[in-house]
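Peer 1: Questions regarding the structure given below will be posed in turn.
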Amino acid sequence: MSILRELVNFEEQLGQERFAALINSGNTGKVRDFCDELLVATEMTTGAWTFELVGFNPTEMTVGGRIYEIIGFLWEREKNVGGDTMIVRAKEAEADLGEEDGEHLLAHQADIPPVVRGKVVFVFPNWRRRGSGNQEEVAFLRWSGDRWFQHWRLLSDAWVWGGRARLLSRK
């Protein structure tokens with residue numbers, strides 16, 4: 005089916021008013037945020053995110069004068085791992101960065117390559133806190149809308165971000 009035919013079909017399914025709101029350039033940020041939330045909700049419930057993106061293969065980046073290596077923590081055929089396993093693998097790879105590096109990336113986020121926006125989640129295994137119910141949480145950075153934001157996730161959760169979650173090692 006051609007892209008034009010798909011758009012016409014999509015407009016029919018949504019209705020003209022919704023479709024007009026969707027393609028209105030004034031709503032681009034809201035639509036992007038909505039899509040990001042859909043992607044995160046899908047990957048968190050199914051673990052089905054795939055990371056095979058054409059033209060995307062950065063292995064390092066320079067942010068605020070620091071060079072970081074971008075590292076995955078899943079082994080072949082794994083869809084997720086527990087938080088404890090992720091922590092062990094981060095230490096083995098010398099990629100167990102903490103709050104100081106997370107804050108550095110946030111402060112210099114304009115230096116983070118645009119190609120990773122919305123495609124990776126940077127996890128900081130050594131940046132932790134006690135959340136509600138005194139459960140341990142780990143920090144991660146995620147692109148949303150027009151910038152990177154810091155969030156928390158229970159360490160006890162299975163890390164189903166598989167293809168998107170990445171650790172960083174400072175060189």
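Residue numbering for the sequence shown follows the numbering used here, starting at 5 and increasing by one per position.
Ideal placement from N, C-alpha and C gives every residue a C-beta, glycine not left out.
1) Counting beta carbon pairs with one atom in the segment 97-109 and one in the segment 119-135, are three or more of them shorter than 8 Å?
2) Check whether the segment 133-146 touches the segment 71-81, counting contact only when three or more Cβ pairs, one atom from each stretch, lie closer than 8 Å.
3) Please report the straight-line C-alpha distance between Asn13 and Gln20, rounded to a whole angstrom.
4) Quick check on Leu11: buried or exposed, where buried means 16 or more other Cβ atoms within 10 Å of its Cβ?
5) Taking only three categories from DSSP, how would you classify Arg36?
6) Rounded to a whole number of angstroms, what is the C-alpha to C-alpha distance between Arg133 and Glu140?
7) Got a sec? Which residues, its chain only, sit under 8 Å from Gly68 by beta carbon, not counting five neighbours each side?
8) Applying the 10 Å Cβ sphere with the 16-neighbour rule, what's the burial state of Ala169?
9) So what's Val67 in DSSP terms, helix, strand or just coil?
10) Quick check on Leu8: buried or exposed, where buried means 16 or more other Cβ atoms within 10 Å of its Cβ?
Peer 2: Walking through what the data contain:
1) yes
2) no
3) 11 Å
4) Exposed, by the Cβ-count rule.
5) The answer is helix: DSSP assigns Arg36 an H, G or I state.
6) 6 Å
7) His108, Leu109, Ala111, His112, Asp115
8) buried
9) strand
10) exposed
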